[in-house]
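In the UniProt record's numbering, the protein residues as written are 1 to 192. A virtual CB, placed ideally from N, CA and C, is assigned to each residue, including glycine. This report concerns only the one structure given below.
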Amino acid sequence: MPLVEAELDRRHPDRPKFRPTTPDGFREAWDLNERLWEATVARARRLPPDRLHESVDGEWSFIQTLRHLAFATESESWVGRCILGDSSPWHPLSLPWDQMDPRPGVPHDRDARPSLDEALALRLEGMAMTRRMVGSLTDERLDSRTEPLMGPGWPDEGETFPVRECLLVVLNEEWWHRIFAERDLAALEERG
Numbered sequence: 001m002p003l004v005e006a007e008l009d010r011r012h013p014d015r016p017k018f019r020p021t022t023p024d025g026f027r028e029a030w031d032l033n034e035r036l037w038e039a040t041v042a043r044a045r046r047l048p049p050d051r052l053h054e055s056v057d058g059e060w061s062f063i064q065t066l067r068h069l070a071f072a073t074e075s076e077s078w079v080g081r082c083i084l085g086d087s088s089p090w091h092p093l094s095l096p097w098d099q100m101d102p103r104p105g106v107p108h109d110r111d112a113r114p115s116l117d118e119a120l121a122l123r124l125e126g127m128a129m130t131r132r133m134v135g136s137l138t139d140e141r142l143d144s145r146t147e148p149l150m151g152p153g154w155p156d157e158g159e160t161f162p163v164r165e166c167l168l169v170v171l172n173e174e175w176w177h178r179i180f181a182e183r184d185l186a187a188l189e190e191r192g
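So, in structure tokens, the structure goes:
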């Protein structure tokens, strides 16, 4: 795997910045993430609105990707539920991964069709929460563990995680889903 990782880093020079080790590194990574996504969203806005609901090769549409990132990363699972302790942080438009077993209180409406602005409002709320989290991050907090999770949902009740791991999951999800979104936007642009 080290050779694969090295090749991915060579192809994507910003990728190593998404594996920070210090609070300042997490702040820099989040700043970069916001800038990269801003360009991706601007690209998506150039497409007709219905095109943003189209799947490419069975993958999530652009709108579904935004909904999933709200579920997985910022305001919900890893930051909201794990780090901040909200037992039920999910919005009705949040989208877990397709193979997740149904869980009480966790939405799973793959067929919802919010507008780009509706999906972005949810996403931007979560991004702001994550920005506040990393903005106040200290070495002590980064090296701490979350409290045991309360209530049903995902991750499972009673679990606890290193805060560092939660934030690295967020950055990894952000990185890869943006790469996939860019790939799919290129395919949608080619469709004309």
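According to the neighbour-count rule (16 or more other Cβ atoms, all chains shown, within 10 Å of its Cβ), is residue 60 buried or exposed?
Buried.
Go through its chain and collect everything with a Cβ distance to residue 157's Cβ below 7 Å, but skip five positions before and after it.
Within the same chain, residue 157 has close Cβ partners 149, 150, 151.
With 16 other CB atoms within 10 Å as the buried threshold, where does residue 16 fall?
Counting Cβ neighbours within 10 Å, residue 16 comes out exposed, since fewer than 16 surround it.
Take the Cβ of residue 76 as the centre, count every other Cβ of all protein chains shown within 10 Å, and call the residue buried at 16 or more, exposed below.
With 16 or more Cβ atoms within 10 Å of its Cβ, residue 76 is classed as buried.
Contact defined as beta carbons within less than 8 Å: I believe residue 170 pairs with residue 78. What is the distance between those atoms, to the nearest angstrom?
Contact flag correct, Cβ pair sits at about 5 Å.
Can you pull the DSSP bridge partners for residue 145?
Beta-bridge pairing links residue 145 to 162.
Beta-carbon separation of residue 112 and residue 66 under 8 Å?
No, these two residues do not count as a Cβ contact at 8 Å.
Between which two residues does the alpha helix (DSSP H) carrying residue 68 extend?
Residue range 62-72 is occupied by the alpha helix (DSSP H) that includes residue 68.
Span of the alpha helix (DSSP H), counted from its first residue to its last, around residue 129
First-last of the alpha helix (DSSP H) with residue 129: 116-135.
Could you check how far apart the C-beta atoms of residue 44 and residue 52 are, in whole angstroms? I think they sit under 8 Å.
That pair is a contact at about 6 Å.
Selection from 96, 48, 1 that minimises the alpha carbon distance to residue 64
The candidate whose alpha carbon is nearest that of residue 64 is 96.
CB residue 70 to CB residue 122, shorter than 8 Å?
Between residue 70 and residue 122, the C-beta spacing is below 8 Å.
From which residue to which residue does the alpha helix (DSSP H) around residue 26 run?
Run containing residue 26: 23-45, per the alpha helix (DSSP H) assignment.
State the start and end residues of the unbroken alpha helix (DSSP H) segment that holds residue 106.
Where residue 106 is concerned, there is no enclosing alpha helix (DSSP H), given that its DSSP letter is neither H nor E.
Own chain partners of residue 194 with C-beta closer than 6 Å, once the 5 adjacent residues on each side are dropped
Any question about residue 194 goes unanswered here, given that the chain covers just 1 to 192.
Check whether the region 18-34 touches the region 126-133, taking contact to mean three or more Cβ pairs, one atom from each stretch, closer than 8 Å.
Of all C-beta pairs linking the region 18-34 to the region 126-133, three or more are shorter than 8 Å, placing the two stretches in contact.
According to DSSP, simplified to helix, strand and coil, what is residue 154?
Residue 154 falls in the coil class under three-state DSSP.
Looking only at its chain, what residues have a beta carbon closer than 7 Å to the beta carbon of residue 144, apart from the 5 residues adjacent to it on each side?
Answer for residue 144: 163, listed in chain order.
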